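Colleague:
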Amino acid sequence: MKDYKGIVFFDYDGTLIDEVDGIFEMPDSTKEALTKLRENGYAVCVCTGRTKQFSEDVKEYFNGYVTGVGTYVEIDGEVIQSIEITQSEIENLRRICAPRNIVLLMDGETQSYCDGMEQESYRFFKYVFDVKDHWVLPWDTKNKCKINKLTFFYDHDEDYDFLKAQLSSRFELAKHVRYHFTDATPVGVDKGSGIRTMMDALGIPIQSTYAFGDGDNDVSMIKTVGTGIVMGRHYKGLDPYAAFTTDTVAENGIYNGCKKLGLI
Numbered sequence: 053m054k055d056y057k058g059i060v061f062f063d064y065d066g067t068l069i070d071e072v073d074g075i076f077e078m079p080d081s082t083k084e085a086l087t088k089l090r091e092n093g094y095a096v097c098v099c100t101g102r103t104k105q106f107s108e109d110v111k112e113y114f115n116g117y118v119t120g121v122g123t124y125v126e127i128d129g130e131v132i133q134s135i136e137i138t139q140s141e142i143e144n145l146r147r148i149c150a151p152r153n154i155v156l157l158m159d160g161e162t163q164s165y166c167d168g169m170e171q172e173s174y175r176f177f178k179y180v181f182d183v184k185d186h187w188v189l190p191w192d193t194k195n196k197c198k199i200n201k202l203t204f205f206y207d208h209d210e211d212y213d214f215l216k217a218q219l220s221s222r223f224e225l226a227k228h229v230r231y232h233f234t235d236a237t238p239v240g241v242d243k244g245s246g247i248r249t250m251m252d253a254l255g256i257p258i259q260s261t262y263a264f265g266d267g268d269n270d271v272s273m274i275k276t277v278g279t280g281i282v283m284g285r286h287y288k289g290l291d292p293y294a295a296f297t298t299d300t301v302a303e304n305g306i307y308n309g310c311k312k313l314g315l316i
């Protein structure tokens with residue numbers, strides 16, 4: 053592995069892009085900041101609930117991945133960690149979800165699969181987050197890849213309460229702050245645990261690590277790194293752990309934040 057002076061982690065939705073403002077491609081200022089960070093000797097890593105395939109459009113700007121809410125860790129093409137959710141567990145969850153019309157998305161690093169692609173909750177997610185057709189295939193597809201992370205789509209808050217009661221002993225649930233869906237990873241696995249795995253692999257001390265985020269599933273990320281920065285529009289539960297608040301994506305928040313930190 054290469055020697056790096058530090059690691060900078062970036063959440064994806066609401067940080068690199070922003071569906072609220074209709075920004076589905078990283079601004080030029082963000083691309084410039086990421087390029088300069090790498091030129092200055094930093095490992096630049098996506099740290100997201102998305103799995104790796106969902107960030108294919110920006111892969112040229114990153115040399116590290118903590119994806120699937122910490123289930124998958126990769127640096128410079130070397131896979132450090134890939135946690136698998138078993139087929140038997142998935143089949144059990146499908147049985148639990150079906151009576152309540154809860155849609156289950158099963159995410160691998162190279163492909164995702166879905167039960168209920170025709171349902172409104174999934175179609176809404178696909179529209180809001182600009183999900184490409186080839187990223188998700190029907191669950192009955194043969195020769196599926198390893199599944200790292202799950203996402204549940206539902207219609208009512210009561211459905212989330214149901215999922216929490218059913219799954220909290222086996223899974224960490226990361227509920228989206230604005231929409232009716234929640235990510236699920238095995239207990240003990242979150243963005244923070246994935247970051248620690250990356251730090252240990254590279255031998256980078258905590259004081260040389262930074263992270264930008266905006267959502268409630270970024271709490272473990274911001275708490276884990278040496279310096280955490282939150283975007284101009286963010287989940288207020290992040291405030292106690294953040295060094296400062298930068299601007300929104302539309303206002304060049306990543307570039308301005310990296311500049312303020314003296315990283316670029």
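Numbering (my numbering), first residue to last: 53 to 316. Glycine residues also receive a C-beta, built at the ideal position from the N, C-alpha and C atoms. In this text, all values refer to a predicted model and were calculated from it rather than measured experimentally.
Assign ALA85 to one of two classes, buried (16 or more other C-beta atoms within 10 Å of its C-beta) or exposed (fewer than that).
Modeller: As a first step, residue 85 is located in the sequence shown; it is residue number 33 there, counting from the start. ALA85 comes out buried.
Colleague: Where does MET273 sit, in a helix, a strand or coil, going by DSSP?
Modeller: Taking the first residue of the sequence shown as position 1, residue 273 is located at position 221. The answer is helix: DSSP assigns MET273 an H, G or I state.
Colleague: Is the CB-CB distance between VAL96 and LYS201 below 8 Å?
Modeller: In the sequence shown, residue 96 corresponds to position 44, counting from 1. In the sequence shown, residue 201 corresponds to position 149, counting from 1. No, they are not a contact pair.
Colleague: Please list, in chain order, all residues of the same chain as SER134 whose beta carbon is under 6 Å from its beta carbon, the five residues on each side excluded.
Modeller: To locate residue 134, count along the sequence shown from 1; it is residue 82. Hits under 6 Å: TYR124.
Colleague: Which word fits ALA217, buried or exposed, when buried means at least 16 other C-beta atoms lie within 10 angstroms of its C-beta?
Modeller: Translated into the one-based positions of the sequence shown, residue 217 becomes position 165. Looking at its Cβ environment, which holds fewer than 16 other Cβ atoms inside 10 Å, ALA217 is exposed.
Colleague: Report the partner residues of ASP190 according to the DSSP bridge assignment.
Modeller: Stepping through the sequence shown from its first residue, residue 190 is reached at position 138. Looking at the sequence shown, residue 190 is not Asp but Pro. According to DSSP, PRO190 bridges with CYS166.
Colleague: Measure from the alpha carbon of TYR262 to the alpha carbon of each residue in HIS232, THR234, VAL241, PHE296, then state which is nearest.
Modeller: Along the sequence shown, read from residue 1 onward, the residue named residue 262 stands at position 210. Nearest C-alpha to TYR262: PHE296.
Colleague: Rounded to the nearest angstrom, what separates LEU313 and ILE59 at their Cα positions?
Modeller: By one-based count along the sequence shown, residue 313 stands at place 261. By one-based count along the sequence shown, residue 59 stands at place 7. Between LEU313 and ILE59, the C-alpha separation is close to 13 Å.
Colleague: Measure from the alpha carbon of ARG90 to the alpha carbon of each residue in LYS243, GLY116, GLU141, ASP80, then state which is nearest.
Modeller: If you number the sequence shown from 1, residue 90 lands on position 38. Minimum Cα distance to ARG90 is reached at GLY116.
Colleague: Can you tell me whether CYS99 is helix, strand or coil according to DSSP?
Modeller: Taking the first residue of the sequence shown as 1, we reach residue 99 at position 47. It is a strand residue.
Colleague: Which same chain residues end up closer than 8 Å to CYS310 when comparing Cβ atoms and leaving out the 5 residues on each side of it in sequence?
Modeller: Along the sequence shown, one-based indexing puts residue 310 at 258. Here the set comprises VAL60, ALA85, LYS88, LEU89, ILE316.
Colleague: Would you call the segment 93-107 and the segment 297-306 touching, i.e. three or more CB-CB distances under 8 Å?
Modeller: No, they do not touch.
Colleague: Expressed to the nearest angstrom, what Euclidean distance is found between the alpha-carbon atoms of GLU143 and ASN153?
Modeller: If you number the sequence shown from 1, residue 143 lands on position 91. If you number the sequence shown from 1, residue 153 lands on position 101. Rounded to whole angstroms, GLU143 to ASN153 spans 15 Å at the Cα level.
Colleague: Hey, which unbroken runs of the beta strand (DSSP E) at 3 residues or more fall wholly within the segment 100-165?
Modeller: Complete beta strand (DSSP E) runs here, min 3: 116-119, 124-127, 130-134, 155-159.
Colleague: For MET283 versus LYS243, is the C-beta spacing smaller than 8 Å?
Modeller: The residue you call residue 283 lines up with position 231 of the sequence shown. The residue you call residue 243 lines up with position 191 of the sequence shown. No, Cβ-Cβ distance for MET283 and LYS243 is not below 8 Å.
Colleague: State the start and end residues of the unbroken alpha helix (DSSP H) segment that holds TYR174.
Modeller: Residue 174 sits at position 122 when you count from the first residue of the sequence shown. Per DSSP, TYR174 belongs to the alpha helix (DSSP H) from 172-180.
Colleague: Closest by CA to ILE137, which one among TYR206, LEU157, GLU126?
Modeller: Here residue 137 refers to the residue found at position 85 of the sequence shown. Measuring from the Cα of ILE137, the nearest candidate turns out to be LEU157.
Colleague: Helix, strand or coil for GLY280 per DSSP?
Modeller: Here residue 280 refers to the residue found at position 228 when the sequence shown is read from its first residue. Reduced to three states, the DSSP call for GLY280 is strand.
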